[in-house]
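For reference, the structure discussed in these notes is given below.
Residue numbers (this note's numbering): 756 to 907.
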């Protein structure tokens, strides 16, 4: 394993469609998949009322993990980003986050489907995670006879 360069780590945040958000819920770890967008050191996601949102409100310190695996080479890349989450209450920031989320997923999916208008508050709430620590790693040259994946 080796550290991932900053440009490759940022590429994970920019291009991967699914992250895994780790929170603490009732004293236990709770991890859920999420759609997200990274913008200027902040991660934005939308969520509806429920266990994840309650956990964020009770314990705002969270972790986002994003990873990918290349089947042709066996290389995996992963970034773990730590930060403090809060509900976005500024309508301009909320609108920006929604616009950025939609732009990212239109680009990734290349979808021509029409989406609902970018209306803040229309579908849950926007959460911002102000990132303050990241760790990014790669398996390097891939998996071959002389290398074990992870710690196998």
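Note that CB positions come from ideal geometry on N, CA and C, so glycine has one too.
Just so you know, these numbers come straight off a predicted model, no measurement behind them.
Annotation for residue 849: the continuous alpha helix (DSSP H) segment containing it runs 846-864. If you check the CB distance, residue 797 and residue 886 come in under 8 Å.
Look at residue 784 here: in three-state DSSP terms it is strand. At a Cβ-Cβ threshold of 8 Å, residue 855 and residue 794 count as neighbours. Counting the other Cβ atoms within 10 Å of the Cβ of residue 811 gives 16 or more, which makes it buried.
Put simply, of 783, 859, 800 the residue whose alpha carbon is nearest the alpha carbon of residue 814 is 783. With a cutoff of 8 Å on beta-carbon distance, residue 776 and residue 792 are scored as not near each other.
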